[in-house]
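Numbering (the numbering used here), first residue to last: 13 to 946.
Comments concern the structure below.
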């Protein structure tokens, strides 16, 4: 796309600027060498650059054209360089009769060579000489560079003669790409034209195969660094998949192979249709608009579209909120759809390149063009017996004729099923034909029994269902065949928990599920791997997995709305009424197991009773466990960990006997007696007096939930402390598989004990995920704190735990003033500031028979657990257990509490006080100071 010079008339008046600089030399005999003249000239240049950038930003804000902004900034930069060059030659390094060696062309390369610049872009320059460098040339280059640096610009530069440019272009692909995009700015234009001619004849000719392979390899490596998915919710707009660099790569390849100077020439070459070219321009314009806004907003060359800037850019681009979707979510959905279009354009170009290779196989030699273009079409094409109308060529499936989908639209689904079953990939030409045939996917095809049977076969495939479904999604088939899925394509959720768009998450969850079924996740998910072998109906699991988040972005609860969608979609796919009901139930309750496991006390019998009442059958429990594991693992790297896995396994094993009739109905008294006897059996090396004395030191609540191994460790810790007459003691135990480290602290009981421990953990950077608090009959507290593991080696992690316990004990002994440390560290993280999460406090007496359960949710921030536990202590409440869960920027902390007499909080007025005070703590309001008497 070209812009008339008149479009840039308001950017800078170069002639007037030249005149101003010349006038500065009037008192110096026309010379600009004096330092005062240089300083004044620099001030004029800065003013012109600042004014021009403000004009460009004004146009961007009013008109929204991204490419126009980038070209305006490039034009501004061109004119500044021309003015500096002319000033250097006329007033600083005058030369009246230049020799043939004293010539120079100033050339833009890289992105600047394309005539586009973002506000924070580097300015890449080539100073082109005819022969070797001369003192005059060296001085001029140095003057220009220092002026540009003093203007605050980041300049990439090289000074080379013609022969060096050609020689280096042959051996270095980066330099070759830079010269490919070279654009004349100022100086000796004939010198630049000579470079272009030599580059075409001596470098480019006959080497397109090597160049294309190198550029595609570069692209693949870049995608690996940035994250292979184009649907990461904080994308890199320049380097990420589907970003500007991918568009650049497309044009580099096209420019190199087809020898075009402008993108529009690809239409006349038959590479792109007019509509595809318009799509190219539309994508480029949108990405440039986002990039320019991003640079202006941050004041730096920021390329990552992070959460803290997404909302502001959405507003600048004019996006508004719709029911179920925030303004920022609508903006990001548009971004991801553009990224998908960039992928489509890549496939179109690859297809065109291969088609040309077929027509002239002995021409430019496209051998090994790229990994996915493995060989020519021709006599090697073999018909596929199971799928008339399709052929296979070198492991890639293609259409035998362009009418294959018009003749039978079911082929739009069948082709993917065949590719999955026979392990073929789809030819780029076939993908183009599919894309052009999408209008054939209508109500009749969606209701076609054979089409639905084929789709269900793909979804429940035992080979690679994720890859096949992703290919369907990339081709646009999946969203049309399942319209509710189409609504979540490219949809992001504006939070820090989900790493991918909704459709990408759903596809990845199918991939995780298939991996579990193949046994590939046995080390990480042993229970899910074991259970999936025994489930009675695997297709209900796969269908539920595919649909579990399909109602995201709607005003109503997505679990309930998703169950409604499932009741419509499942019969269409051929599921029975019973299967449909199971799928709907799994979707409606797909968050329940995670919620109970992470936010409830699993040692409290009421928790297990309540969860068993929801599940009601062992088969549903198995299905829900597997679905929950796959769902969490598909959220993003590192979200699922050993601790979450342990919590889910514990909930499963505790709930299983309730559903099989094997649950023991022992009375509370019998459970306590049994727990004491099992511990005594483990302490045979103690004296009888020690054993009997010890079991009397714990209240019944301790015996109701203490696991035998942990009870033995507690007993030994307390015995050691007694023998040393030490009131404070601690022990560290590592749990590698669970991904946590357990810290047990023994100390005199005190209302603010857990708060002090939480504060010490925060200061040391330890992240508490769970806590069990017990008191002894002789006035001590026994607190077990579980912190996230950070180091792979047990010995290193134990030493880390000991450093944490050292600060905890110093804090409890009063040796370390904790509030001072907290104040220094408790600053809101930058990304967190982008989010608004309303604080909510629930006080519930129905979740436990013995405790009041307080659930606190809100925006996570450093030191929040410390503030909450301080506030709870200030409310004269005892904490029996604490369960900490974070979901990106949102935290959910659950406390099982009693009053100081060990009773539930039943007084309505006191419950309201708890809600008010804890809400203030979440919002960061200071704790009220107790009144003092005078």
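Virtual Cβ for every residue (Gly too), placed ideally from N, Cα, C.
Bear in mind that the values here come from a model prediction, so they are computed numbers and not experimental data.
Quiz item: Taking the continuous beta strand (DSSP E) assigned at residue 148, which residues delimit it?
Solution: Against the chain shown, residue 148 aligns to sequence position 136. Unbroken run through residue 148 is the alpha helix (DSSP H), 147 to 162; no beta strand (DSSP E).
Quiz item: CB-CB under 7 Å to residue 863, same chain, minus the five flanking residues each way: which ones, in chain order?
Solution: As a position in the chain shown, residue 863 is number 851, starting the count at 1. Cβ neighbours of residue 863 beyond the five flanking positions: 892, 908, 909, 910, 916.
Quiz item: Which first and last residues belong to the beta strand (DSSP E) in which residue 410 is found?
Solution: Translated into the one-based positions of the chain shown, residue 410 becomes position 398. Per DSSP, residue 410 belongs to the beta strand (DSSP E) from 408 to 411.
Quiz prompt | Residue interval of the alpha helix (DSSP H) (run including residue 535) | solution = As a working mapping, residue 535 is identified with position 523 in the chain shown. Here residue 535 belongs to no alpha helix (DSSP H), and DSSP marks it neither H nor E.
Practice problem: Could I get the ranges of all uninterrupted beta strand (DSSP E) runs contained in the stretch 798 to 882, with 3 residues as the minimum, in chain order? | Solution: 852 to 856, 864 to 871
Quiz item: So who's on the other strand from residue 170, going by DSSP bridges?
Solution: Here residue 170 refers to the residue found at position 158 of the chain shown. Beta-bridge pairing links residue 170 to 138.
Quiz item: If you run the structure through DSSP and keep just helix, strand and coil, what is residue 669?
Solution: Locating residue 669 in the chain shown gives position 657, counting from the first residue. Helix, per DSSP.
Exercise. Please name the residue or residues paired with residue 893 in a DSSP beta bridge.
Key: Here the question's residue 893 lines up with position 881 in the chain shown. DSSP, once it has assigned bridges, lists 784, 908 as partnering residue 893.
Exercise. Identify every run of the alpha helix (DSSP H) within the stretch 549 to 592, keeping only runs that are complete inside it and at least 4 residues long; order them along the chain.
Key: 550 to 559, 570 to 585
Quiz item: In chain order, which continuous runs of the alpha helix (DSSP H) of length 4 or greater are located wholly inside the stretch 457 to 502?
Solution: 461 to 471, 477 to 487, 489 to 493, 495 to 498
Quiz item: With a CB to CB cut of under 8 Å and the five nearest residues on each side skipped, what residues in its chain are close to residue 396?
Solution: If you number the chain shown from 1, residue 396 lands on position 384. These residues qualify, in order along the chain: 402, 403, 404, 409, 430, 434.
Quiz item: In three-state DSSP terms, what is residue 610?
Solution: Position 598 of the chain shown holds residue 610. Note: residue 610 maps to helix in three-state DSSP.
Quiz item: For residue 658, which of helix, strand or coil comes out of DSSP?
Solution: Along the chain shown, one-based indexing puts residue 658 at 646. The answer is helix: DSSP assigns residue 658 an H, G or I state.
Quiz item: With distances taken between CB atoms, is the gap from residue 514 to residue 503 smaller than 7 Å?
Solution: Walking along the chain shown from the start, residue 514 turns up at place 502. Walking along the chain shown from the start, residue 503 turns up at place 491. Yes, these two residues count as a Cβ contact at 7 Å.
Quiz item: Does DSSP put residue 198 in a helix, in a strand, or in coil?
Solution: Within the chain shown, the letter at position 186 stands for residue 198. In the structure shown, residue 198 sits in a strand (DSSP, three-state: E or B).
Practice problem: Use the C-beta contact count for residue 897: other C-beta atoms within 10 angstroms, 16 or more gives buried, fewer gives exposed. | Solution: Within the chain shown, residue 897 is the residue found at index 885, counting from 1. By the neighbour-count rule (16 or more Cβ atoms within 10 Å), residue 897 is buried.
Exercise. Put residue 314 into one of helix, strand or coil per three-state DSSP.
Key: Counting from 1 along the chain shown, the entry for residue 314 is found at position 302. Correct three-state label for residue 314: coil.
Quiz prompt | residue 452 and residue 477 closer than 7 Å at C-beta | solution = Locating residue 452 in the chain shown gives position 440, where the first residue counts as 1. Locating residue 477 in the chain shown gives position 465, where the first residue counts as 1. No, the pair does not count as a contact, with Cβ atoms beyond the cut-off.
Quiz item: So residue 925 is in the alpha helix (DSSP H); what residue range does that whole segment cover?
Solution: Taking the chain shown and counting its residues from 1, one reaches residue 925 at position 913. 920 to 934 is the span of the alpha helix (DSSP H), which, as asked, contains residue 925.
Self-check item: Per DSSP, cross-strand counterpart(s) of residue 512
Solution: Here residue 512 corresponds to residue number 500 of the chain shown, with the count starting at 1. Partner(s): 244.
Quiz item: In this structure, does DSSP put residue 257 in helix, strand or coil?
Solution: Along the chain shown, one-based indexing puts residue 257 at 245. Three-state DSSP puts residue 257 in a helix.
Self-check item: Per DSSP, the bridge partner or partners of residue 744
Solution: Residue 744 sits at position 732 when you count from the first residue of the chain shown. Answer by DSSP bridge pairing, in chain order: 755.
Quiz item: Can you give the Cα-Cα distance for residue 819 and residue 777, rounded to whole angstroms?
Solution: In the chain shown, the residue the question calls residue 819 occupies position 807. In the chain shown, the residue the question calls residue 777 occupies position 765. Each residue's Cα considered, the two are about 12 Å apart.
Exercise. Find the nearest neighbour of residue 622 within the set 648, 671, 111, 592, judged by alpha-carbon distance.
Key: Here residue 622 refers to the residue found at position 610 when the chain shown is read from its first residue. Out of 648, 671, 111, 592, 671 has the C-alpha closest to the C-alpha of residue 622.
Quiz prompt | Complete runs of the beta strand (DSSP E) confined to the stretch 45 to 89 [at least 3 residues] | solution = none
Exercise. Look up residue 793 in the DSSP assignment and say whether it is helix, strand or coil.
Key: Locating residue 793 in the chain shown gives position 781, counting from the first residue. Note: residue 793 maps to strand in three-state DSSP.
Quiz prompt | Cβ-Cβ distance between residue 125 and residue 193 below 7 Å | solution = Translated into the one-based positions of the chain shown, residue 125 becomes position 113. Translated into the one-based positions of the chain shown, residue 193 becomes position 181. Cβ distance < 7 Å, so residue 125 and residue 193 count as in contact.
Quiz item: Straight-line CA distance for residue 14 to residue 118?
Solution: Here residue 14 corresponds to residue number 2 of the chain shown, with the count starting at 1. Here residue 118 corresponds to residue number 106 of the chain shown, with the count starting at 1. Only weak support is given to the placement of residue 14: the predicted model assigns it a pLDDT of 47, under 50, and the value that follows is read from those uncertain coordinates. It is roughly 21 Å from the alpha-carbon of residue 14 to the alpha-carbon of residue 118.
Exercise. Spatial neighbours of residue 547 within its chain, please: CB distance less than 8 Å, with the 5 preceding and 5 following residues excluded, ordered by chain position.
Key: The residue labelled residue 547 in the question sits at position 535 within the chain shown. Hits under 8 Å: 553, 631, 634, 635, 638.
Self-check item: Segment limits, beta strand (DSSP E) that includes residue 404
Solution: For the purposes of this step, residue 404 is taken as the residue at position 392 of the chain shown. Per DSSP, residue 404 belongs to the beta strand (DSSP E) from 402 to 405.
Quiz item: According to the neighbour-count rule (16 or more other Cβ atoms, all chains shown, within 10 Å of its Cβ), is residue 415 buried or exposed?
Solution: Here residue 415 corresponds to residue number 403 of the chain shown, with the count starting at 1. So residue 415 ends up on the exposed side.
Exercise. Identify whether residue 437 lies in helix, strand or coil by the three-state DSSP scheme.
Key: Against the chain shown, residue 437 aligns to sequence position 425. If DSSP states are grouped into helix, strand and coil, residue 437 belongs with the strands.
Practice problem: Find the nearest neighbour of residue 650 within the set 867, 899, 629, judged by alpha-carbon distance. | Solution: For the purposes of this step, residue 650 is taken as the residue at position 638 of the chain shown. Closest by alpha carbon: 899.
Quiz item: Can you pull the DSSP bridge partners for residue 542?
Solution: As a first step, residue 542 must be located in the chain shown, where it is residue number 530. Bridge partners of residue 542: none, in fact.
Self-check item: Where residue 899 sits in the DSSP three-state scheme
Solution: Walking along the chain shown from the start, residue 899 turns up at place 887. Correct three-state label for residue 899: strand.
Quiz item: Along the chain, which unbroken stretches of the alpha helix (DSSP H) at least 4 residues long are found entirely within the stretch 185 to 239?
Solution: 185 to 192, 201 to 211, 220 to 238
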